[in-house]
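Below: the structure, in structure tokens.
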Amino acid sequence: MSGTRVASLAAALLAMVPIAGAAVLYSARGPARTDGLRAGEYDPPRAAPEFSLAGSDGRPVTLSRYRGKIVLLTFGFTYCAAVCPTTLATLAQARSRLGKRADAVQVVFVTVDPERDDAAQMRSYLAAFDTGFVGATGDPKALAAARAGYGVTAVREGTGPDYAMVHTSSIFLIDRAGRLRAMMPFGRDAEDFAHDIGVLLEA
Amino acid sequence: MQRVVAAMLAALVLSGLGWAAFAPLETGSGEVLFAIPAGTSARRLAGEELAILPRTIRLGVQDVLVLRNADNAPHIFGPTLIMPGQTFRLPFTRAATYSFLCTAHADGQLSVIVEPAPAAGWERLRWRWRILANRG
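Printed below as a string of structure tokens:
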């Protein structure tokens, strides 16, 4: 073999090194990060704003009532056509994935539509998803104050009995110490919630 | 000698193309930061219109949207309420268009478009070329 051919072969082999390296790196790469929360995290976390509303279980709903549990707090209304049923079904799925650890999780659904959502209406609506869910209602002023603490907006849309409410659809994650740790945007799946609840329970 | 040089050049070009087509994209470290500067609240109270957050934000899969409030008043910033001195980090792991209610915009909406990572091969090569061309 001539010197020129050897040099050409050596150059070609040299070229294979970064390609092979890239291929190895690519195959070794995981699908996604598993550390930290998948929800949006607040740094530093603050105390979750407290409220006191009428509960669908007949007792006042406050965050301090659930201290020691992970609270998943969301705002919506029982006449919601798509967003709220999807969120509640996802949270029910997440709880069922957790098995016994679900006992350490409380879902609180605060209405943005007190005109139609009284405690009885909320109780029967939420029971279709998970009998452990608690609804919260009250007078418009108290509900507006609860929303303001989380930056939640709710606007009535349409007139007549079939009006809708356009509202913030995020879910707030409150840790066992009552700190607002994270916010999960609408559209994430049960696996994401189960993952983050696991992280908060182990913290 | 000329053939050796030509072979080495060809090898270099091939290795560059191979890297661009198959090397993994950076993941999990792509933080896209938007900050509310100090004094924003006072300037808004004075009647000044400030556009801090774009109407549409484009991210890649695995990017993290970082919102920081450096002002001395709470702000509803994009999808959430952020207190003074607080930072909010929201990772996006799936390609989709996310719509948020956002009072920082006149129409009350913020869209975050998360684009899928290009697949290894031709698609990733074209993606890197586009990034390079945009930088130029």
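The listed protein sequences derive, respectively, from chains Y and S.
Each residue of the first sequence is one higher than the one before, counting from 1 in my numbering.
Each residue of the second sequence is one higher than the one before, counting from 204 in my numbering.
The C-beta atom is built at its ideal place from N, Cα and C for all residues, glycine as well.
Asked, Found
"Using 8 Å as the Cβ pair cut-off and three pairs as the minimum, do the segment 71 to 82 of chain Y and the segment 98 to 116 of chain Y touch?", "yes"
"Can you give the beta carbon distance from Arg-68 (chain Y) to Val-134 (chain Y), rounded, assuming they're within the 8 Å contact cut?", "The residue you asked about is not Arg; residue 68 (chain Y) is Gly in the sequence shown. With 8 Å as the limit, Gly-68 (chain Y) and Val-134 (chain Y) do not qualify as a contact, their Cβ atoms being about 15 Å apart."
"Listed from N- to C-terminal order along the chain, which residues in the segment 273 to 287 of chain S have their beta-carbon within a distance smaller than 7 Å of any beta-carbon of chain Y?", "Ile-279, Pro-282, Thr-283, Leu-284 and Met-286"
"As a quick exercise: from Y:Gly-158, Y:Val-152 and Y:Pro-114, pick the residue whose alpha carbon is nearest that of Pro-140 (chain Y).", "Y:Pro-114"
"Could you name the residues of chain Y that Gln-289 (chain S) contacts, counting a contact when the two beta carbons are closer than 8 Å?", "Tyr-42, Asp-43, Pro-44 and Arg-46"
"Determine, for Pro-257 (chain S), whether the minimum Cβ-Cβ distance to residues of chain Y falls below 9 Å.", "no"
"Classify Ile-197 (chain Y) as helix, strand or coil using the three-state DSSP reduction.", "helix"
"Count the other CB atoms, across all protein chains shown, that sit within 10 Å of the CB of Met-165 (chain Y); report buried if there are 16 or more and exposed otherwise.", "buried"
"Got a sec, what are the start and stop residues for the beta strand (DSSP E) Leu-73 (chain Y) sits in?", "70 to 76"
"Could you give the DSSP three-state label for Pro-294 (chain S): helix, strand or coil?", "strand"
"Compare the C-beta of Leu-25 (chain Y) with all C-beta atoms of chain S and state if any pair is closer than 9 Å.", "Only weak support exists for where Leu-25 (chain Y) lies, its pLDDT of 46 falling under 50; the value from the coordinates is given anyway. With 9 Å as the cut-off, Leu-25 (chain Y) counts as an interface residue toward chain S."
"Thinking C-alpha only, which one of Y:Ile-174, Y:Arg-156, Y:Gly-198 and Y:Pro-49 is nearest Ala-146 (chain Y)?", "Y:Pro-49"
"Is Val-267 (chain S) near Phe-237 (chain S), with beta carbons less than 9 Å apart?", "no"
"Which one of S:Gly-288, S:Leu-262, S:Arg-261 and S:Pro-227 has the shortest CA to CA distance from Ile-239 (chain S)?", "S:Gly-288"
"Going straight from the alpha carbon of Trp-332 (chain S) to that of Thr-87 (chain Y), what length do you get?", "40 Å"
"Is it true that the CB of Leu-293 (chain S) sits closer than 9 Å to the CB of Pro-44 (chain Y)?", "no"
"Can you find a C-beta in chain S that's less than 9 Å from the C-beta of Thr-153 (chain Y)?", "yes"
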